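Enquirer:
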Amino acid sequence: MKGLKILIVVIILIVIIAGAVMLVKENGAKEENVFTIGLDDSYPPMGFRNEKNEIVGFDIDIANAVCEKLGMKLKLQQITWASKEDELDSGSIDCIWNGFAYNEDRAAKMTLTEPYIKGEMYFLLRNGSTIKNQEELKGKKIGVQSGSIQAQDLENSEFGKNVEMIEYRDNLTACMDLEAGGVDAVFCSNIIGNYIITDKKKDYITIPSVGITTSKGSVVAFKKGNTELRDKIQNALYELKEEGKLTEISEKWFGKDMVIVK
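The sequence shown begins at 2 in the numbering used here and counts up one residue at a time.
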């Protein structure tokens with residue numbers, strides 16, 4: 002009888018523990034050793050969906066290499082770029098990793114890695130445009146991705162006071178409106194612009210930007226104070242650079258080594 006009572010108690014405990022585990026999962030607790038990155042899945046070549054609807058890109062390859070080195074499982078979570086900081090603060094993602102550019106404001110609000118790749122900012126114009134330089138864009142409509150560093154820099158610049166800034170969900174949509182005549186130019190990184198020109202076979206005109214950009218390059222962003230996870234990712238990037246893996250990934254996507262990890 003005593004043995005039966007013990008068995009009953011054990012069964013009850015198992016049921017209680019199993020129920021607690023299920024409750025934790027239902028309430029959205031994260032799996033152990035899963036690294037969840039938040040990204041815009043329409044931001045080629047950093048992170049985007051291919052013809053098979055798979056999320057691929059330069060940043061995805063690097064994140065996979067980092068997770069492989071650290072023995073972590075990578076989870077890709079599509080987010081609305083304009084609310085990326087809220088996603089990070091809520092804990093629904095571990096980091097923002099998708100062509101996320103450094104500036105002082107972001108450094109004050111989040112914990113960042115060192116920049117790992119740097120592009121230049123420029124304007125895309127449709128073929129046939131008679132505009133030759135940035136000065137001639139004054140009084141024109143400029144398309145930018147909502148929530149992007151380009152939108153922030155343009156809005157805060159002296160030049161930005163002289164244009165009408167139109168925000169879009171992503172750069173591809175902005176370029177579609179550029180072709181339709183909705184805007185006169187799109188302000189973006191040449192990393193993104195060059196990929197769109199090459200991959201989509203577009204004959205856009207490009208002109209350099211002057212006195213607008215504040216970014217030092219793309220970084221991985223973590224919730225403010227999460228230096229432990231940041232340092233793990235940063236050290237993995239150092240090792241991957243030393244091993245030549247980052248150069249290999251860069252040459253795959255850009256045809257050259259654009260990585261600036263020291």
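Cβ atoms here follow ideal geometry from the backbone N, Cα and C, with glycine treated the same way.
Please read all numbers here as calculations on a predicted model, not as lab measurements.
Go to V184, then tell me how far its alpha helix (DSSP H) extends in each direction, as first and last residue.
Expert: Note, V184: premise wrong, no alpha helix (DSSP H); not H, not E.
Enquirer: Which of the three DSSP states is assigned to R107 in this structure?
Expert: Helix.
Enquirer: Out of E33, N157 and F188, which has the shortest C-alpha to C-alpha gap to Y169?
Expert: Ranking the options by Cα distance to Y169, first place goes to F188.
Enquirer: Pairing CB atoms from the segment 161–176 with CB atoms from the segment 234–243, are three or more of them under 8 Å?
Expert: The segment 161–176 is not in contact with the segment 234–243.
Enquirer: In three-state DSSP terms, what is I170?
Expert: According to the sequence as given, residue 170 is Arg; it is not Ile. Here R170 sits in coil by DSSP.
Enquirer: Would you mind reading off the limits of the alpha helix (DSSP H) that contains S251?
Expert: Note, S251: alpha helix (DSSP H), K246 to F255.
Enquirer: Quick one: Cα of S93 to Cα of N51, how far?
Expert: If I take the Cα positions, the gap works out to 25 Å.
Enquirer: Measuring alpha carbon to alpha carbon, tell me which residue in Y205, N163 and T112 is nearest D178.
Expert: Checking every option, the nearest Cα to that of D178 belongs to Y205.
Enquirer: Using a Cβ-Cβ cut-off of 8 Å (strictly less than) and excluding sequence neighbours within five positions of K74, which residues of its own chain qualify?
Expert: Correct list, in chain order: E32, N34, V35, F36 and C68.
Enquirer: Do the segment 71–90 and the segment 188–203 make contact, defined as three or more Cβ pairs closer than 8 Å?
Expert: Taking 8 Å as the limit for Cβ pairs, the verdict is that the segment 188–203 does not touch the segment 71–90.
Enquirer: Within its chain, find whatever has a CB closer than 6 Å to the CB of P46; leave out the 5 residues flanking it on each side and keep chain order.
Expert: Correct list, in chain order: G58, F59, Y196 and W254.
Enquirer: Measuring only the C-alpha atoms, how far is N163 from T214?
Expert: Rounded to whole angstroms, N163 to T214 spans 16 Å at the Cα level.
Enquirer: Answer with buried or exposed for T114, where buried requires no fewer than 16 other C-beta atoms within 10 angstroms of its C-beta.
Expert: Buried: at least 16 other Cβ atoms inside 10 Å.
Enquirer: Would S278 and N104 qualify as a contact pair, given that the criterion is a beta-carbon distance under 8 Å?
Expert: Outside the shown range of the chain (2 to 263) lies residue 278, about which nothing can therefore be said.
Enquirer: Going by DSSP, what residue range makes up the beta strand (DSSP E) through V67?
Expert: Note, V67: premise wrong, no beta strand (DSSP E); alpha helix (DSSP H) at F59 to L71.
Enquirer: Is DSSP giving K263 helix, strand or coil here?
Expert: Looking at K263 - three-state DSSP - the assignment turns out to be coil, as it is neither helix nor strand.
Enquirer: Exposed or buried, D200, counting other C-beta atoms within 10 Å across all chains shown (16 or more means buried)?
Expert: The residue is exposed, with fewer than 16 neighbouring Cβ atoms inside 10 Å.
Enquirer: Give a yes or no on whether the C-beta atoms belonging to G218 and I118 are separated by under 8 Å.
Expert: Yes.
Enquirer: When burial is assigned at 16 or more other CB atoms within 10 Å of the CB, is K246 buried or exposed?
Expert: When all chains shown are included, K246 counts as buried.
Enquirer: Would you decide whether V145 is buried or exposed? Buried here means 16 or more other CB atoms lie within 10 Å of its CB.
Expert: It counts as buried.
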